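According to this note's numbering, the sequence shown is numbered sequentially starting from 1. Below: one structure, written as structure tokens.
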Amino acid sequence: MMQNDTVEKVEDGEGGGNNGSDDGDADNNMLKSDSVLMRSEAPSVARSNTRATSSSLPRGGSSIKRMFCACQLCYLVTLFTSSILFVVGMSYAPREPQYNVCTNQIAWKSIVEGMASLKMSASFDLLISVYNPNRFEVDLSNGAGQFHHDGEYVGSFDIPEGKISEQAISDIVVKVTFTPDKWSALSLTSEYYRGNLKFVVGGHAHVKIPGLGNYQFDAKFDDINVNVNDPSLDDTHLCACPGWKKPITV
């Protein structure tokens with residue numbers, strides 16, 4: 001009886017041992033399967049991150065492209081507007097009037113003959129053509145000028161007040177007064193009869209433009225050459241009468 005009990009216990013121990021080893025194998029298999037699952041899940045997470053990153057890149061690139069296009073459009077609009085404002089500003093910017101002295105051969109002849117007879121003071125009417133390049137009417141006032149010969153003062157004139165229409169030419173008759181000294185009168189007479197009498201005219205006038213909010217400025221004109229004996233050498237493109245350009249016969 002004792003032997004049978006021992007045999008049964010041994011068998012039971014062996015059975016328990018087998019059961020224990022079976023349980024251990026099952027646990028090992030479960031750990032391996034879990035590790036396999038974890039390893040198989042890791043690449044899927046990496047792939048999902050890669051997909052998310054790759055899907056977000058086009059969105060960022062398109063927004064940058066839209067911003068770049070918007071900046072280009074703003075630049076083109078600014079450039080176009082600036083060009084329009086520049087052209088309009090230059091077209092309506094105030095400009096100084098232009099002057100031409102239209103030589104009167106009869107007046108010059110009479111004044112030279114007076115100086116030849118030692119008449120030191122003489123006056124005569126002279127035609128001056130004034131061109132208004134502005135797009136608005138201008139008012140001229142306080143205008144005056146001087147005649148110089150070889151750098152010396154020989155005469156003066158006053159420009160009467162008047163209005164000149166926009167981009168138009170106006171002819172103004174001025175009273176010129178010659179007051180050369182004795183030696184200047186002799187020099188003027190000699191050059192006149194030699195056919196090379198020349199003057200240099202300069203002056204100024206006060207200009208007001210009512211169309212630009214009564215904008216005012218002083219306009220000067222200098223170094224206008226007057227060839228008394230040959231007016232065709234002068235700049236007289238503003239003078240209306242072709243007869244002003246005929247040479248004077250002495």
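We treat Cβ as the ideally placed atom computed from N, Cα and C, and that holds for glycine. Since the structure is predicted, the reported quantities are computational estimates derived from the model, not experimental observations.
ask   = Would a C-beta distance cut-off of 8 Å place isoleucine 224 and tyrosine 75 closer than the cut-off?
value = The criterion of a C-beta distance shorter than 8 Å is not satisfied by isoleucine 224 and tyrosine 75.
Cα-Cα separation between lysine 220 and isoleucine 84, rounded to whole angstroms = Roughly 30 Å between the two C-alpha positions.
key: Nearest-angstrom Cβ-Cβ length linking valine 138 and isoleucine 164, presumed shorter than 8 Å   = Right, their Cβ atoms sit about 5 Å apart.
Complete runs of the alpha helix (DSSP H) confined to the segment 139 to 196 [at least 4 residues] = With a minimum length of 4 residues, the continuous alpha helix (DSSP H) runs that stay inside the segment 139 to 196 are 182 to 194.
ask   = Using the rule of at least 16 other Cβ atoms within 10 Å of the residue's Cβ for burial, across every protein chain shown, is threonine 236 buried or exposed?
value = Buried, by the Cβ-count rule.
Aspartate 287 - partner residues in DSSP beta bridges = This structure leaves residue 287 out entirely; the chain is present only between 1 and 250.
Rounded separation between lysine 198 and threonine 81 - CA only = Lysine 198 and threonine 81: Cα-Cα distance of roughly 50 Å.
ask   = Cα-Cα, which of Ser156, His148, Ser117, Arg95 is closest to isoleucine 209?
value = Out of Ser156, His148, Ser117, Arg95, Arg95 has the C-alpha closest to the C-alpha of isoleucine 209.
task = Give every residue of the same chain whose Cβ lies closer than 6 Å to the Cβ of leucine 238, excluding the five residues on either side of it in the sequence, and list them in chain order.
result = Closer than 6 Å at the Cβ level, and outside the excluded window around leucine 238, lie Asn100, Ser129, Tyr131, Ile169.
request  = Rounded to whole angstroms, what's the CA-CA distance from proline 97 to glycine 145? Just pull it up for me.
outcome  = Roughly 14 Å between the two C-alpha positions.
task = Using DSSP bridges, identify the partner residues of phenylalanine 199.
result = The partner list for phenylalanine 199 (beta bridge, DSSP) reads Val226.
inquiry  = Within a Cβ cutoff of 6 Å, which residues of the same chain sit near valine 228, ignoring the five residues on either side of it in sequence?
reply    = The answer, listed in chain order, is Trp108, Leu197.
inquiry  = Judging by CA-CA distance, which residue of Lys65, Asp158, Ser190 is the nearest neighbour of valine 176?
reply    = That would be Asp158, whose Cα lies nearest to the Cα of valine 176.
query = Among Gly203, Phe124, Ala116, which has the Cα closest to the Cα of tyrosine 153?
reply = Closest by alpha carbon: Gly203.
query = What residues match up with alanine 219 in a beta bridge as DSSP calls it?
reply = Beta-bridge analysis with DSSP links alanine 219 to Ala205.
ask   = When DSSP builds the beta bridges, which residues end up paired with cysteine 102?
value = Residue pairing by DSSP places cysteine 102 opposite Leu127 in a beta bridge.
key: Rounded distance between the beta-carbons of valine 226 and aspartate 234, thought under 8 Å   = Beta-carbon to beta-carbon, aspartate 234 and valine 226 are separated by about 6 Å, close enough to satisfy the 8 Å threshold.
request  = Pull up the CB-CB distance for phenylalanine 136 and glycine 211, whole angstroms please, since I reckon it's below 8 Å.
outcome  = So it is a contact: roughly 3 Å between Cβ atoms.
query = Just to confirm, are glycine 155 and phenylalanine 178 a CB contact at a threshold of 8 Å?
reply = Yes, the pair counts as a contact, with Cβ atoms nearer than the cut-off.
Spatial distance of leucine 186 from serine 232 (CA atoms) = When rounded, the distance between both Cα atoms is 25 Å.
request  = Give the secondary structure of arginine 135 by DSSP, where H, G and I count as helix, E and B as strand, and everything else as coil.
outcome  = Assignment of arginine 135 by DSSP, reduced to helix, strand and coil, places it in the coil class.
ask   = Using the rule of at least 16 other Cβ atoms within 10 Å of the residue's Cβ for burial, across every protein chain shown, is leucine 188 buried or exposed?
value = Its Cβ being crowded by 16 or more others within 10 Å, leucine 188 is buried.
query = Roughly how far, in whole angstroms, is the beta-carbon of asparagine 134 from the beta-carbon of glutamate 166, given that I think they are within contact range, below 8 Å?
reply = The pair is a contact, with the Cβ atoms about 6 Å apart (cut-off 8 Å).
query = Would DSSP call glutamate 113 helix, strand or coil?
reply = In this structure, glutamate 113 counts as helix in the three-state DSSP scheme.
message = At the level of alpha carbons, what is the spacing between tyrosine 192 and alanine 116?
response = Cα-Cα distance, rounded: 10 Å.
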